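Chains as they are written, first to last, in this note's numbering: chain A, 13 to 298; chain B, 13 to 298.
Note that beta-carbon positions come from the ideal geometry of N, C-alpha and C, so glycine has one too.
Remember, predicted model here, so these are calculated numbers, not experimental data.
Below you'll find the structure, written out as structure tokens, and then a few comments.
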């Protein structure tokens, strides 16, 4: 039996599952503090024994296996978690092989192996929710980089009449600052869920998502681009994003995935389970 | 003895060298057509026998070893080279192991092994010249993607008073369109070499280069960023780029390379030999 942890900023999901990516049992805890959450996670895996655990953690987090900080949450605004050695604590408690990656990289792995990217060499996964992040998997493996990418902070060209405040404390015009769920709420003074499907908000949102995804597409040349996260639950959004991408490419189609954007850009096939299933795959690779 | 070919849009460089990246003999030809250039390259390697050749080729080119198009120049504006099977032709002529990658990926490999990135895990190499392109090497290896990145076409936010025409046929506001050598010439109506070091042209150029590099930095989280190409021969440019990057990051330093941009961003240590030396390293890895 394999274990999986999806350590998110609002929820801790954990699961046990088999070698084929099937979740057999899971539990969920509100993310509060290491003092509360680490015993919850430890107890789950004491009661449900596994041979290895793959973790997808919120960032910034060190994923450098050669670093002393590997598996440590870095300089996060969540004060209780700042510089907390997440991986080391779990390993000390459970004494089994455990590895840690960024949450979006793990979700990308789940989709690459059991979801929307099973036939693809390079899979790019971007999540648009409370925050914006991206992950990449090539040949069903993580890239061996010392740091995870930070795709949520690429520049976005504002639509001229958009003067809404950015939701990023560092950048006035970045992807996360202008297109995350909270950014939509700041722009229109209501939760995104309250905006009707024909509201102009979705034109702006699709334009910005397309800009951010476009930069990462050029950087990684993926065969499949999977866009998930809470904001993408609006069904009118994906077709608008594709149209914006086509407009931005403007005929520049130097490799097949760019020429077939309708097939290249998809929603997650695993839905909200991408992270947990990715963690099981990760555990199987340890 | 190992062989190296740097197949550029204006010049074909070829060389033989040893296992330590030392170039022993080299030749250069004007890039004209396959009918003229392929015999030149073939004859060089008949006269100078090697056990393997690594090629860095101008793009777009297929680098997918599983594709029938591997090693074929794709839909390039250089009509004589369009869909020319570069790799296959050389292999048929020489009957030795030969592999092909994008020119900037090969230059990145040279710098990663013998140049400015010897101590680094992830090396990003960006060239600013007639065109703009980028390559990535992780752990002294190419990323196993089916396509090379196309970093020259990421979006740039224009400085408001800059109304110069883009040099890209596809995009009004992309990196290559606004910051390549020909783009500088279009903007100021003179060759970039004629612009004095204190000309405002270099402020604009540094801003745009910083924007382009910033996107790729977030996408790949490199430990070292090497910026080469003809435009970078202007010594006033690098410090201005670093300052622009710092302004853009605005304190967002989630991993060490971002906190030490003065050390992270450098010129190529191998100068114009990065591609040829990278080809020798590539040949040694075959």
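- In this structure, the straight-line span from the alpha carbon of residue 168 of chain B to that of residue 27 of chain A is close to 43 angstroms.
- For residue 198 of chain A, the secondary structure class from DSSP, reduced to helix, strand or coil, is helix.
- Distance between residue 140 of chain A and residue 241 of chain A, taken at the CA atoms: about 5 angstroms.
- Collapsing the DSSP output to three states places residue 164 of chain B in a helix.
- Using a CB distance below 7 angstroms, the part of the stretch 124–146 of chain A facing chain B consists of 133 and 134, ordered along the chain.
- Apart from sequence neighbours up to five positions away, the residues of its chain that approach residue 25 of chain A with a beta-carbon distance below 6 angstroms are 18, 40 and 288, ordered along the chain.
- When DSSP states are grouped into helix, strand and coil, residue 137 of chain A belongs to the strand group.
- Think of a sphere of 7 angstroms around the beta carbon of residue 228 of chain A: the chain B residues whose beta carbon falls inside it are 231, in chain order.
- Within chain B, the residues 230 and 231 have their CB atoms less than 8 angstroms from the CB of residue 163 of chain A, given in chain order.
- For residue 146 of chain B, the three-state secondary structure derived from DSSP is strand.
- Rounded to whole angstroms, the gap between the alpha carbons of residue 255 of chain B and residue 201 of chain A is 36 angstroms.
- At least one CB of chain A lies nearer than 9 angstroms to the CB of residue 150 of chain B.
- Segment contact: the stretch 56–69 of chain B against the stretch 110–123 of chain B, three or more CB-CB distances shorter than 8 angstroms; contact assigned.
- Sequence-distant partners of residue 162 of chain A (beyond 5 residues in either direction) whose C-beta falls short of 8 angstroms from its own C-beta, in its chain, are 71, 72 and 145.
- Take the alpha-carbon of residue 260 of chain B and the one of residue 183 of chain A: they are about 8 angstroms apart.
- Within chain B, not a single residue places a beta-carbon under 9 angstroms from that of residue 97 of chain A; the smallest gap is close to 17 angstroms.
- If you ignore the 5 residues before and after residue 187 of chain B, its C-beta comes within less than 6 angstroms of the C-beta of 144, 164, 166, 168 and 224, all in its own chain and listed in chain order.
- Going by beta carbons, residue 120 of chain A and residue 238 of chain A fall inside the 9 angstroms limit.
- DSSP assignment within the stretch 67–138 of chain A yields the following whole beta strand (DSSP E) runs of 3 residues or more, N-terminal first: 110–114.
- The beta-carbon distance between residue 226 of chain B and residue 257 of chain B, rounded to whole angstroms, is 6 angstroms. This is short enough to meet the 8 angstroms contact definition.
- Short of 7 angstroms from the beta carbon of residue 151 of chain B, and not among the five residues preceding or following it, lie these beta carbons of its own chain, in chain order: 133.
- Looking at the DSSP output, residue 153 of chain A sits in a beta bridge with A:150.
- Using a C-beta cut-off of 8 angstroms, the stretch 30–39 of chain B makes no contact with the stretch 75–83 of chain B, since fewer than three inter-stretch Cβ pairs fall below that distance.
- In this structure, the alpha-carbon of residue 265 of chain A lies about 21 angstroms from that of residue 148 of chain A.
- Leaving aside the five residues that flank residue 45 of chain B on each side, the residues in its chain whose CB is nearer than 7 angstroms to its CB run, in chain order, 92.
- Exclusion of the five residues before and after residue 84 of chain B leaves 73, 74, 95, 96, 97, 98, 99 and 100 as the residues of its chain whose Cβ lies within less than 8 angstroms of its Cβ.
- Bounds of the alpha helix (DSSP H) holding residue 261 of chain A are 249–261.
- Shortest Cα-Cα distance from residue 88 of chain B to any of B:285, B:21, B:61 and B:292 involves B:21.
- Against residue 220 of chain A, chain B offers no close residue; the least beta-carbon distance is about 11 angstroms (beta-carbon pairs closer than 7 angstroms).
- By the C-beta criterion, the stretch 229–238 of chain B is judged to be in contact with the stretch 274–294 of chain B, since at least 3 inter-stretch pairs fall below 8 angstroms.
- In terms of beta-carbon proximity, residue 285 of chain A stays away from the interface with chain B, with every pair separated by 9 angstroms or more.
- The C-beta distance from residue 229 of chain B to residue 102 of chain B rounds to 35 angstroms, too long to fall under 8 angstroms, and the pair is not in contact.
- For residue 19 of chain B, the enclosing beta strand (DSSP E) has its first and last residue at 14–19.
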